[in-house]
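Below is one structure, written out as structure tokens, with a few remarks after it.
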Amino acid sequence: MSVAFSTSSLRTKGYLDLPIPKGIDLKEAIIELKAKKNAVLLAHYYQTKDIQDIADYLGDSLYLAKAAQRVDADIIVFAGVHFMAETAKIINPSKKVLLPDLKAGCSLADSCPPDQFAAFKAKHPGAVVVTYINCSAEIKALSDIVCTSSNAVAVIESIDPDTPIIFAPDKNLGRYLIKETGRDMILWDGACIVHEAFSFDKIVALAKQYPKAKFIAHPESESQVLEIAHYIGSTSGLLSFVQKDPAETFIVGTEAGILHEMQKVAPHKTFIAAPVEDETCACSECAFMKLNTLEKLYLCLEHEQPEILLDAQLMQQALLPIERMLAL
Ligand code: 13P
Ligand code: SF4
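Counting from 1 along the sequence shown, just add 215 to a position and that's the residue number in our numbering.
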């Protein structure tokens, strides 16, 4: 295989565009490659079903960050988006961290450019900077502490009540946290395109159609959507809620990939993806997450590319706020 070929396809496409051996069973081949190379596969609930099914660790952002901290493997393959693989690399600078498609980004992370955020931070000297893990390594390096949707309330509550807080990049999660904790925070104006796509009117109409159903939502959703939710939580929070709650039907306000695991843990229950404003798009699916495919995963493991490479000093600066979160 010519290195020039793979490098140029990586540069232009973000993934290895190489031929796959004919008749290969991709799932089997990936499992074999993982064993041969002492690699582990970490996958987020928003990945496609076939990837979720072969993951060594499947979970939400917090669970995957913790898994990255304790894995004893030479290679971590991250089936998720760029900021997640970056976080795994920051936690494991000596390990090889692979992401099947480098273009698997995140609208939320993109909504917070480091130069603009540095200027915003400079306007509020003395404020503690709390950043949602859905941000770039550069933003993490400008932070005091990182949080995920699973531990955001605990992170905010760990901060001295008299100290002002900057929260970035998700304004919707920020507004939810202000309500939950009673802390007045300075919010960065960022959002997730997937969670902002849900339609309040259509959810209300669907709830009328299924009067016994409970509506559950991720806190990245807009305030008016969260106001009508029976339960608000991270993906793992939503997952445990549907197992414990006696309701038989749930309207699920988060990325539709989670429905696969929900159906597995509660097979007798019914899960309906919350409707979105624009019916012509698959907006409740994260297009970034769905860039990862079994084919790209196979090529990535076989050739150990694309690899996440970060500047050593940036990794050191970004590690401290992540470690503070993990120590909580
Ligand atoms: P959690 O994994 O914390 O639920 O966040 C969801 C998300 O948007 C990941 O990109
Ligand atoms: Fe980013 Fe939203 Fe996709 Fe999560 S669902 S990766 S926050 S764009």
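Just so it is clear, CB atoms sit at the ideal spot from N, CA and C, and this is done for glycine as well. Just so it is clear, the structure is predicted and the values come from calculations on it, not from any experiment.
**Study point:** F335, DSSP secondary structure in three states
**Key:** Here F335 sits in helix by DSSP.
Review point. For C407, is the beta carbon positioned less than 7 angstroms from some heavy atom of the ligand 13P?
Key: For the ligand 13P, at least one heavy atom lies less than 7 angstroms from the Cβ of C407.
Practice item. Check each candidate in Y260, I306 and Y513 and name the one with the smallest Cα separation from V480. Key: Distance check between V480 and each of Y260, I306 and Y513 places Y260 closest, using alpha-carbon atoms only.
Check your understanding: So, are the CB atoms of L509 and I266 less than 8 angstroms apart?
Key -> In terms of Cβ geometry, L509 and I266 form a close pair [threshold 8 angstroms].
Review point. Is N387 near the ligand 13P, in the sense that its beta carbon is under 7 angstroms from a heavy atom of that ligand?
Key: Checking the Cβ of N387 against the ligand 13P gives no.
**Study point:** Every unbroken alpha helix (DSSP H) inside the stretch 361-443 [4 residues or more]
**Key:** Runs of the alpha helix (DSSP H) inside the stretch 361-443: 367-372, 386-396, 415-424 and 438-442.
Review point. Can you tell which of S276, G472, V312 and I269 has the C-alpha that lies nearest to the C-alpha of C515?
Key: Closest by C-alpha distance to C515, out of S276, G472, V312 and I269, is V312.
Check your understanding: Quick one: does the C-beta of E372 sit closer than 7 angstroms to a heavy atom of the ligand 13P?
Key -> No - the ligand 13P has no heavy atom lying nearer than 7 angstroms to the Cβ of E372.
Check your understanding: Cβ of S322 within 7 angstroms of any heavy atom in the ligand SF4?
Key -> Relative to the ligand SF4, the nearest heavy atom lies less than 7 angstroms away from the CB of S322.
Practice item. Starting from the Cα of Y391, find the closest Cα among V440, E463 and V296 and give me that residue. Key: Relative to Y391, the option among V440, E463 and V296 whose CA is nearest is V440.
Point to revise | In DSSP terms, what F486 is bridged to | key: For F486, which the question treats as bridged, DSSP gives the partners F465.
Check your understanding: Under 7 angstroms from any heavy atom of the ligand SF4, does the C-beta of I503 make it?
Key -> Residue 503 is actually Phe in this sequence, not Ile. Yes, Cβ of F503 sits closer than 7 angstroms to a heavy atom of the ligand SF4.
Check your understanding: For the beta strand (DSSP E) that contains G238, what are its first and last residues?
Key -> Unbroken run through G238: none, as it is neither H nor E.
Check your understanding: Is L314 near the ligand 13P, in the sense that its beta carbon is under 7 angstroms from a heavy atom of that ligand?
Key -> Result no, Cβ not under 7 angstroms from the ligand 13P.
Check your understanding: Using a threshold of 7 angstroms, is the CB atom of V491 nearer than that to any non-hydrogen atom of the ligand SF4?
Key -> Outside the cutoff, so no.
Review point. Counting pairs of Cβ atoms below 8 angstroms between the stretch 439-454 and the stretch 468-486, do you hit three or more?
Key: By the C-beta criterion, the stretch 439-454 is judged to be in contact with the stretch 468-486, since at least 3 inter-stretch pairs fall below 8 angstroms.
Review point. At what residues does the beta strand (DSSP E) containing K281 begin and finish?
Key: Unbroken run through K281 is the alpha helix (DSSP H), S276 to R285; no beta strand (DSSP E).
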